[in-house]
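Chemist:
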Amino acid sequence: MQHRRDIEGLRAIAVLIVVAYHAGIPGWGGGFIGVDVFFVISGFLITSLLIKERESDGRIALLTFYARRVRRLLPISSVVAVVSVVGALAILPSTTFSSLGTDVVAAAGFFVNMLFAIRGTDYLAGDTDPSVIQHYWSLAVEEQFYLIWPGLIALVTIGAQQVRRRITPVIITVISGSFAASVVLSPMAPTWSYFGLHTRAFELGVGALLAVQWPLVERWGQSTRAALSWAGIIGIGFSIPLAAAVDYFPGWVAAIPVLATAAAIAGGDTTDRGAQLLLRRRPLQWVGEHSYSLYLWHWPVLVLGAGLVGRTLGWFETIAAIVLTFALSALGFTFIEHPLRRSPRLIQRPALNYSLGASLVGVTALVGVGVSQYQPQASTGVVAEAPSLSNSTTTTVAPDTAIAPTGSSVSTNGSATSTPTFTTLPPLVDNRDAEPLAAILAALDNTVLPENVRPDVYNAVNDTSTLYDTNCHQFMTPALAEGCVFGDTDGEFTIGLIGDSHAAQWFAAINTISIDNTWRLIAHTQGGCPLLDVVTWNRGADAVFSHCGSWRDAVIDDLQQEGVDVVIVSQHWGLLDASTREAVPASVWERDLPTLFDRLRSVDIEPVLFLDSPDPYDSVPACAVSHKTDLTSCEPGMLRNTERSVREVATSIADEMSVGVIDPHVWLCVDVSPDDDSDTTRCPVVVGDILIYRDSHHLSNTFVEWFTPVISAELVDWITAQ
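Numbering (our numbering), first residue to last: 103 to 824.
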């Protein structure tokens, strides 16, 4: 096929859009549509080659076709995957190795998109750092298409004299079915729709239809095609903010960048009045030629860069990462991609391509298996006892004693003394005058990771409540889940639990308390969704969460219909504003929290505000593995300025509106400053044999279950009085 400079330019635009999006450049929140541009281009080019071969030779040489695909796709993608793994081993925490290894195996087998879809449905993908090969999902979609499409064309056109006429109805059927699936299934199963071939096939199909109907397109006038090319470029640009604003993708919105790309391709490469004036520019031609390498390299560079500095990349660091991406892409193209694609030996011997492909797939998969099994030894030789939990929060400790993890005290000379005396919790929904738990005080002196710690540090991220096993903890879904009734389902008194994953982390405790007190429990939580009227961006899912508003309204309507009397409200203070990718400021809380409380009370629902739990910012399990004998390095630090302001605003509003407040910091953290003029707060990460945090900002379910009696003592008397 004749080289199309306009398509090379379109490739450049597509990859630059994706890089800008992943780099977090403001205004490019819908830059993921660059992948849709690639899909249309691929469908067009591959189908053009297949149809022309069928027309000229009377057959499609499938073995030769797949040999070309092997040369084109596998060498550089395998190298980038292996190099990314090496970088991850050197930079990222060892607790990520198991999932990374699984990702690499799935990428080598061309089904990583399905793995991410499965992982995304339970929101754990949104709780953890993204995989260094997360972007390989789009390669998997294309490779799955390549496995099906050539054989389908060959089969359908058997005996056909008019090849294009025979295949057109089939392509239209594929487009129609896939687009219908995209529209219908995207709001119902957003992650499967985002990653799946079944909802992306129409994008490749539109490119294929354009290829089949190309003789008709060539008869169009130059002015028409020039106008189409400019309309296509403008349409792609328009799609970026549009995609950023919708609740789910692809849905119907994906049709905009898809049709725009088709229009740009239809413009051709012959007129001097169309968008070709832009697309033929030498810089875009260079970027387009290197677009595959650029796409492969940019994501691991950004992820590993963030891991290296231990935070989101700043502007200078982002620019440096992009420069490094271009350098690696140039090297990869020059020494791997281009030489192998043009190798006379490989071109003349298709079988050799299969040997090369099998070797690359095998080596990549073996690397993945090895990484998934690699777990550095976390044993310290220390075995801890299960912590004891009194139903109180205050204790009197003699000056010469320290509290042991079991709740008994140990004198400084080593002899055991009697268990301290505890006072009872106040029967009010306000724990801010409470003292730290005895076991938490004892944990301050336990700086070594027990070898019997639970949950296991390598699987702690999976230590979630049973709410995660239901549809009632949702992810990227605007429609409200039904049947979210827990506790004593026949109870006459009904409480609610709403918020994001930081509300869901308390479910085990609230559900147990509800069962013990014969309360019905209505639980609706959604990962990354604020109860405030603000659009957020989720780092783990790498997505703008514009769907939360409709879900939030449906939650409150459902609480009213279910006759909820009291609702527990909680959410993460670190949710990121989509427009800035910084924490939602206190001013938004000051604006929206009173509105939320008023709205609940207007339908006779009394709110109780659970302030956010301590936020370690970095993965506690990963840190614990790296600092087995110095767990103080893993403790949550002082609140950041924004979070401190949010805390002050939230508590002030709650006090002004007489809303009950539960502050986990009071129970989980201790002010160890020697005087009243300083603020030195410590929040241990292990209590007895229990790991308190399962990742960088969620409490482990094991800890919450152990902690249930404390919450019960605080809530029950007050709620019963309601």
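Quick reminder that beta carbons are idealized off the backbone N, C-alpha and C, glycines included.
Around the C-beta of R156, are 16 or more other C-beta atoms found within 10 angstroms, so that it is buried, or is it exposed?
Modeler: buried
Chemist: Per DSSP, which residues does V669 bridge with? Please list them.
Modeler: G598, P709
Chemist: With 16 as the cutoff for other CB atoms within 10 Å, does S517 come out buried or exposed?
Modeler: Residue confidence is low: S517 scores 35 on pLDDT, short of 50, so the model does not pin down where it sits. No coordinate-derived value is stated.
Chemist: How is N561 classed by DSSP in three states: helix, strand or coil?
Modeler: coil
Chemist: Note the first and the last residue of the continuous alpha helix (DSSP H) segment covering N455.
Modeler: 452-475
Chemist: Quick one, are the C-beta atoms of D765 and E708 less than 8 Å apart?
Modeler: no
Chemist: By alpha-carbon positions, which one of G136, R107, Q104 ends up nearest to L118?
Modeler: G136
Chemist: Apply the 10 Å Cβ neighbour rule to V421 and answer buried if 16 or more other Cβ atoms are within range, or exposed otherwise.
Modeler: Going by the sequence as given, residue 421 is Ile instead of Val. That one is exposed.
Chemist: Could you tell me the distance, in whole angstroms, from the CA atom of G279 to the CA atom of F437?
Modeler: 42 Å
Chemist: Check the C-beta distance from G601 over to V671 and give it rounded, since I have them as a contact under 8 Å.
Modeler: 6 Å
Chemist: The beta strand (DSSP E) that contains F588, what's its start and end?
Modeler: 587-589
Chemist: Give me the residue from G132, I260, A313, S775 with the minimum Cα distance to D159.
Modeler: I260
Chemist: Measure the alpha-carbon distance for P580 versus I342 and round it to whole angstroms.
Modeler: Taking the straight line joining both Cα atoms gives about 21 Å.
Chemist: Excluding five sequence neighbours on each side, which residues of the same chain lie with their C-beta closer than 6 Å to the C-beta of G309?
Modeler: V142, G145, F146
Chemist: Tell me where the alpha helix (DSSP H) around T697 begins and ends.
Modeler: 688-704
Chemist: For the beta strand (DSSP E) that R170 lies in, which residues bound it at each end?
Modeler: Per DSSP, R170 belongs to no beta strand (DSSP E); it is in the alpha helix (DSSP H), 164-193.
Chemist: Please work out which residues of its chain come closer than 6 Å, Cβ to Cβ, to W354, disregarding the five sequence neighbours upstream and downstream, and give them in chain order.
Modeler: V285
Chemist: Name the residue from L442, L793, E320, F418 whose alpha carbon lies nearest to the alpha carbon of L176.
Modeler: L442
Chemist: So who's on the other strand from R556, going by DSSP bridges?
Modeler: I792
Chemist: Just how far apart, CA to CA, sit L152 and C736?
Modeler: 57 Å
Chemist: Answer yes if the region 328-337 comes into contact with the region 176-188, meaning at least three C-beta pairs across the two stretches below 8 Å, and no otherwise.
Modeler: no
Chemist: Have a look at L458, V348, A423, R382 and flag the residue whose alpha-carbon is nearest the alpha-carbon of W399.
Modeler: A423
Chemist: Contact defined as beta carbons within less than 8 Å: I believe A345 pairs with G598. What is the distance between those atoms, to the nearest angstrom?
Modeler: At roughly 33 Å, the Cβ-Cβ gap does not stay under 8 Å, so A345 and G598 are not in contact.
Chemist: Compare the beta carbon distance of L330 and A368 with 8 Å and say whether it is the shorter of the two.
Modeler: yes
Chemist: Run the CB neighbour count on L406, radius 10 Å, all protein chains shown included, and call it buried at 16 or more, exposed below.
Modeler: buried
Chemist: Just the Cα atoms here: how many angstroms apart are R701 and H604?
Modeler: 21 Å
Chemist: Quick check: Y350 and P292, are their CB atoms within less than 8 Å of each other?
Modeler: yes
Chemist: Pop quiz: V727 and V559 are said to be a contact at Cβ under 8 Å. What is the actual Cβ separation, rounded to whole angstroms?
Modeler: 6 Å
Chemist: State whether the region 410-419 contacts the region 196-204, with contact taken as three or more CB pairs (one from each stretch) at a distance under 8 Å.
Modeler: Flag = no, the region 410-419 and the region 196-204 do not touch.
Chemist: Could you tell me the distance, in whole angstroms, from the CA atom of T514 to the CA atom of T734?
Modeler: Because the pLDDT of T514 is 33, which lies under 50, any placement of that residue in the model is unreliable, and the number read from its coordinates should be weighed accordingly. Their backbone Cα atoms lie some 22 Å apart in a straight line.
Chemist: I'd like to confirm the pairing. Which residues does DSSP put opposite Q628 in its beta bridges?
Modeler: Q576
Chemist: Compute the distance between the beta-carbons of R106 and D371, then report whether it is under 8 Å.
Modeler: Between R106 and D371, the C-beta spacing is below 8 Å.
Chemist: If we count the other Cβ atoms within 10 Å of its Cβ and call it buried at 16 or more, is L430 buried or exposed?
Modeler: buried
Chemist: Go to T363, then tell me how far its alpha helix (DSSP H) extends in each direction, as first and last residue.
Modeler: 357-368
Chemist: Assign N561 to one of two classes, buried (16 or more other C-beta atoms within 10 Å of its C-beta) or exposed (fewer than that).
Modeler: exposed
Chemist: Going straight from the alpha carbon of G470 to that of S802, what length do you get?
Modeler: 28 Å
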